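Numbered by my numbering, the letters in the sequence shown go through residues 277 to 672 in order. Note that the Cβ used here is the ideal one computed from N, Cα and C, for glycine as well. As the structure is a computational prediction, the values presented were derived from the model and not from experiment. As structure tokens, the structure follows; a few thoughts come after it.
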Amino acid sequence: MKCGFPNFSSTYFLTQHILDTVNFYAPRCIDNVFGGYINCILDDGTICDYETKQLVGQARFVFIFSVASMLMPTQEYRKLAEHGISFLQNHQRDRKHGGYYWELKGQSVNNSAKKAYGHAFVLLAAAMASKAGTPSAVSIIDDTFDVLERYFWREKEGLYLDEISADWSEISPYRGQNANMHLCEAMITAYEATGNKRYLERAKRIAESVMFRLIPQSGGLIWEHYHEDWEIDWTYNYGMTKSELRPYGFILGHSIEWSKLLLLIERLDPSNWRGPMAKSLFQYAIRLGLDRKNGGIYFSMAPDGRIIDSDKYYWVMAEALGASALFAVYDRHELYLYNDLFAYSWTHFADQQRGGWYQLLNRFNHRYSNIKSPPPKTDYHPITNCLTALTSFYRL
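Okay, here's the thing in structure tokens:
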């Protein structure tokens, strides 16, 4: 434990920090007009967008309220999760063609595209809600997997497509690792929720495809963007490091996130390669991305090794917490790195007075904006990685 800081690895701290973070959002995020959740909130809790209902944000709220109901099993958090499940099924789901619309305004479809990334979070939310004891979530796991299987999955490559039109007739030529990464995460959680090994096998297959088909093309870190044949597209979104889902460059946080997922699979199904691969990814990303002067981890690196976006993102730090907690247990080492990363995050990202994490800091750890949670943030990343730390240290 670092002097002057909480005990970042204690059950009490991790549980309370999760609940404090969730409680920043509840009940102000509940939309009693359109249903679902309000997904744009300023630092002080003021609402900044009443209408945008992005699929990922709606599903992430179901996820975080389900986590809270597991840690504090009261009806309050479960009802908050069920509120979102109802909206997803009654409004965001495409009743004619199946699957889920990407974005609504109020209850009207604003973007009808079907995206694997969004469906990953529906599956993740349903799986966590099921783990938390919400009966209505169980059928959503099966239904979402079936949609993914029917339209997005490509057996030959062992990976999922990225985007398809609402009626499933037009497939985007873009291929990306980001959606596959979150689908791997969702499959792990679905396996934990159901015990059905098809989900674990799918998580393993995705991970193998990324590690042995994609990473060898880019030299030790994961590249984001690919052509239809899954060969690297080095120029896609060139220079656009701030693209929400398709940023340019080596996104160092994603290599860290993949290291975490490999260790989560390893915990369920030991192998002789996932641990070493996870360690290599993690150490490489930390070595290249750690800001040794100002703290934190840089966001994006060019193919030639230059840092091209030195900003610090909340989710990158959160993923580093989850990964470093798992490595502390996997390697049976002291918690030095975990504690250092948490001390930085606690100092600069966590709003210790009002709850929640700030979204984005510059290189010198100053905020750009007073928008704490734009769509689809919801602080899913800090919450899930604190839960990862909790289950790693104490195996709840």
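(request) Figure out for me which residue from Ser445, Ala442, Tyr450, Asp443 has the closest Cα to the Cα of Tyr436. (result) That would be Tyr450, whose Cα lies nearest to the Cα of Tyr436.
(message) Just list the residues that DSSP pairs Asn387 with in beta bridges.
(response) Answer by DSSP bridge pairing, in chain order: Glu379.
(message) What does the alpha-carbon distance come out to for the pair Lys473 and Glu542?
(response) Answer to the nearest angstrom: the Cα atoms are 14 Å apart.
(message) Cutting at 7 Å between CB atoms, please list the residues of its own chain near Glu484, excluding the five before and the five after it.
(response) Once the five neighbours on either side are set aside, the close Cβ partners of Glu484 are Gly434.
(message) If the criterion is Cβ atoms closer than 9 Å, does the pair Gly632 and Asp655 meet it?
(response) Result yes, Cβ atoms of Gly632 and Asp655 sit closer than 9 Å.
(message) Going by C-alpha to C-alpha distance, which of Ala601, Leu528, Pro652, Thr297 sits closest to Trp581?
(response) In the sequence as presented, Trp is not what sits at residue 581; that position holds Gly. Ranking Ala601, Leu528, Pro652, Thr297 by Cα distance to Gly581 puts Leu528 first.
(request) Find out if the Cβ-Cβ distance for the pair Phe526, Leu490 is shorter than 9 Å. (result) Phe526 is not a Cβ neighbour of Leu490, given a cutoff of 9 Å.
(request) Can you tell me the Cβ-Cβ gap for Ala402 and Thr420, rounded? I've got them flagged as a contact below 8 Å. (result) At roughly 6 Å, the Cβ-Cβ gap stays under 8 Å, so Ala402 and Thr420 are in contact.
(message) Can you tell me whether Gln330 is buried or exposed? The criterion is at least 16 other CB atoms within 10 Å of its CB, across all chains shown.
(response) Burial call: buried.
(message) Measuring only the C-alpha atoms, how far is Glu477 from Tyr467?
(response) About 9 Å.
(message) At the level of alpha carbons, what is the spacing between Lys653 and Ala561?
(response) Distance between the alpha carbons of Lys653 and Ala561 is about 23 Å.
(message) Taking 8 Å as the cut-off, does the region 320-337 touch the region 381-397 (at least 3 CB pairs, one atom from each stretch)?
(response) Cβ pair count under 8 Å is three or more, so yes.
(message) Is the beta carbon of Val332 closer than 9 Å to that of Pro650?
(response) Going by beta carbons, Pro650 and Val332 fall outside the 9 Å limit.
(message) Determine whether the beta carbon atoms of Lys407 and Ser342 lie at a separation below 9 Å.
(response) Going by C-beta atoms, Lys407 is nearer than 9 Å to Ser342.
(message) Pull the bridge partners of His624 from the DSSP assignment, please.
(response) BP columns for His624 are empty, so no partner.
(request) Determine the burial state of Phe281: buried for a count of at least 16 other Cβ atoms within 10 Å of its Cβ, exposed for fewer. (result) By the C-beta density criterion, Phe281 is exposed, having fewer than 16 other C-beta atoms within 10 angstroms.
(message) With a threshold of 7 Å on Cβ separation, who are the neighbours of Leu611 within its own chain once the five nearest residues in sequence on each side are excluded?
(response) Once the five neighbours on either side are set aside, the close Cβ partners of Leu611 are Ser285, Ala604.
(request) List the endpoints of the continuous beta strand (DSSP E) containing Thr511. (result) Segment: none, Thr511 is in no beta strand (DSSP E) and carries neither H nor E.
(message) On a Cα-Cα basis, can you pick out the residue from Asp307, Ala405, Gln628, Ile361 that is closest to Ala462?
(response) The candidate whose alpha carbon is nearest that of Ala462 is Ala405.
(request) Could you say if the region 556-570 and the region 512-519 meet the contact criterion of at least three C-beta pairs nearer than 8 Å? (result) Fewer than three beta-carbon pairs drawn from the region 556-570 and the region 512-519 are found closer than 8 Å, and the two stretches are therefore not classed as touching.
(request) Find the nearest neighbour of Met487 within the set Gln453, Tyr512, Leu459, judged by alpha-carbon distance. (result) By alpha-carbon distance to Met487, the top candidate from Gln453, Tyr512, Leu459 is Gln453.
(request) Can you give me the start and stop residues for the alpha helix (DSSP H) that Cys662 sits inside? (result) Its alpha helix (DSSP H) spans residues 656-670.
(message) Quick check on the burial criterion: 16 or more other C-beta atoms within 10 angstroms. Buried or exposed for Trp499?
(response) The residue is buried, with at least 16 neighbouring Cβ atoms inside 10 Å.
(request) Please classify Glu595: is it buried, with 16 or more other beta-carbons within 10 angstroms of its beta-carbon, or exposed? (result) A residue is called buried when at least 16 other Cβ atoms come within 10 angstroms of its Cβ; Glu595 meets this threshold and is buried.
(message) Applying the 10 Å Cβ sphere with the 16-neighbour rule, what's the burial state of Asp505?
(response) The residue in question, Asp505, is exposed, as its Cβ has fewer than 16 Cβ neighbours within 10 Å.
(message) According to DSSP, simplified to helix, strand and coil, what is Lys432?
(response) Judged by DSSP in its simplified three-state form, Lys432 adopts coil rather than helix or strand.
(message) By DSSP's criteria, Ile306 is part of a beta bridge. Which residues make up the other side?
(response) Answer is Tyr313, bridged to Ile306.
(request) Just the C-alpha distance for Gly565 and Phe575, rounded to the nearest angstrom, thanks. (result) Each residue's Cα considered, the two are about 7 Å apart.
(request) Give me the Cα-Cα distance between Ser412 and Asp418, rounded to the nearest whole angstrom. (result) Distance between the alpha carbons of Ser412 and Asp418 is about 12 Å.
(request) Out of Leu318, Pro303, Ser556, point me to the one whose CA is closest to Ile340's CA. (result) Ranking the options by Cα distance to Ile340, first place goes to Pro303.
(message) Is Arg478 close to the ligand FAD? I mean its beta-carbon at under 8 Å from any heavy atom of the ligand.
(response) As presented, the structure is devoid of all ligands, the ligand FAD included, so that no description of it is given.
(message) Considering only their Cβ atoms, is the gap separating Ile647 from Cys305 smaller than 9 Å?
(response) No.
(message) Given this structure, state the Cα-to-Cα distance separating Tyr313 from Ile464, to the nearest angstrom.
(response) Tyr313 and Ile464 have their C-alpha atoms some 26 Å from each other.
(message) Between the alpha carbons of Arg481 and Gln628, how many angstroms are there, rounded?
(response) One C-alpha to the other measures close to 40 Å.
(message) What does the alpha-carbon distance come out to for the pair Met457 and Arg550?
(response) Met457 and Arg550: Cα-Cα distance of roughly 15 Å.
(request) Pick out the complete alpha helix (DSSP H) segments inside the region 576-615, 4 residues or longer, and give them in chain order. (result) As summarised for the region 576-615, the continuous alpha helix (DSSP H) elements at least 4 residues long and confined to that stretch are 590-606, given in chain order.
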